[in-house]
Structures are given as structure tokens and as C-alpha cells.
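For what it's worth, the working numbering labels the leading residue of the sequence shown as 300, then goes sequentially.
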Amino acid sequence: MFDSYSSPYAPLEGTLHAPRAIFIDRWGTLLEVPEGGLARSPSDVRFFPDALQTLFLANRAGWYLYLLGNETSVIEGDVSQERWKEIEEAFMGQLSKAGIPIRKNYASVKSPEGIDGHRLDSVYLLPNTGAFYHAAHNDGVDLQASWVIGDSTLELVAGWRAGCSQIGVRSGQAVKDGTFRIEPDLMEENLVAAVRELLTREKALHP
Numbered sequence: 300m301f302d303s304y305s306s307p308y309a310p311l312e313g314t315l316h317a318p319r320a321i322f323i324d325r326w327g328t329l330l331e332v333p334e335g336g337l338a339r340s341p342s343d344v345r346f347f348p349d350a351l352q353t354l355f356l357a358n359r360a361g362w363y364l365y366l367l368g369n370e371t372s373v374i375e376g377d378v379s380q381e382r383w384k385e386i387e388e389a390f391m392g393q394l395s396k397a398g399i400p401i402r403k404n405y406a407s408v409k410s411p412e413g414i415d416g417h418r419l420d421s422v423y424l425l426p427n428t429g430a431f432y433h434a435a436h437n438d439g440v441d442l443q444a445s446w447v448i449g450d451s452t453l454e455l456v457a458g459w460r461a462g463c464s465q466i467g468v469r470s471g472q473a474v475k476d477g478t479f480r481i482e483p484d485l486m487e488e489n490l491v492a493a494v495r496e497l498l499t500r501e502k503a504l505h506p
């Protein structure tokens, strides 16, 4: 009976820390970019080696996990909305099966330059900062204590604008897309190395 006891008193102000988050780019960072550059079927969803296990450990360590990315193939009409939903189900299903809770998937299928049905602006379209501020508002995430990990300057600049630290990875575009100029706080070989660096730093701060 004592196991179910909860105090009737609210925690004292300042005694609880705001959650910190890792905002993760999808294609090129978490997922391998398919041959031809587009995912056209669920079979094209392939995670980089050890990525799922590493995200599982990050979640166990208390990090909130969010996904980012512009779905250009849908925005430009190369992949239909219906097929994209099938791909998303396969993608999110594998994360769920691995025991990795994603707080929010901020993939954007809207852009002012999109085809009919997708020709809308979106606060989640990178490099807009809507995903970060939505997480801060809805989940209380401390953006100053959070990180964005990505292979392109789009998500890294968005994270920088929102006050997050940035880790560039050498997979995917390896931060060589040239859209923006930014020097990430860290550069790592891939997502696994990036997350492990965060876990190592956290362990050093809280042995």
C-alpha cells in the first residue's frame, strides 16, 4: 500500500529541473538516405547501425526525444501523401517496437513552394523554430539545456536560433549542404557517437 502513496503537497518551486531534449534530424542522421535520395516504400526505412539502441539509452537517461525534418519528396509531389503515411507507419513502428518513445514527430510536409495541397507555410518547416518552441511550451523543455543533432545546416541553424546547442554529424550531407553558414558546437562521426558524447558528459556531471 505504501508503494502507491503520493504526497498531497506540490513540489517546492525550484526543486524540479525542466526536462532537456535531443532534437534529431530524420533522413541522413537517424535514417540512411535510400538510393536515389527518396524513400518510396516502407522497405526504404533503414536506421543507421546501433541508432535505435543508442536512443533507447538516451531515453532511459531522461532525455526527451523529438524528430525533425522537411519531407521534400512529399512537398514537391515525388511521393504521395498516402504512400508517405505508409512509410511513416513503418518508421514510427520500428521506434515503438524498440521501446523508444518519441515525444513529437515534427516532420513537415508543407512549404510555400510545395505542390497543391502542400503549398502552405509551416512553423515546423526548417529552418523555422516552431518545433523547438512547441516542445518548450507543451512539454516544458529547457531549450538552453537541449541539443539538436543533424547532418544539414537547416536543422542546426534552427536549433541555434532557438537557443539549443548543436552537434553536426558526418553522415548524410555531413553539414556540407551550404544552405547556411554555421559552426556546430560539436562535430561527431554519426548519431550514435553524438548521443554517446552527451551521455558521457552527463555521467561526468552526475557520477
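Even for Gly, the Cβ is constructed at its ideal location relative to N, Cα and C.
So, using beta-carbon positions, are L442 and F431 closer together than 7 Å? yes
Determine the DSSP secondary structure at K502, reduced to helix, strand or coil. helix
With 16 other CB atoms within 10 Å as the buried threshold, where does A493 fall? buried
State the start and end residues of the unbroken beta strand (DSSP E) segment that holds W446. 446-449
Let me know the secondary structure DSSP gives W362 once reduced to three states. coil
Between which two residues does the alpha helix (DSSP H) containing G376 stretch? Careful: G376 lies outside any alpha helix (DSSP H) and carries neither H nor E.
Beta-carbon proximity list for G273, same chain, < 8 Å, skipping 5 on both sides: No answer is possible for residue 273: the residues shown for the chain start at 300 and end at 506.
Coil, strand or helix - K384 by DSSP: helix
Determine, using beta-carbon pairs with one atom in the segment 386-393 and one in the segment 410-419, whether at least three such pairs fall under 8 Å. no
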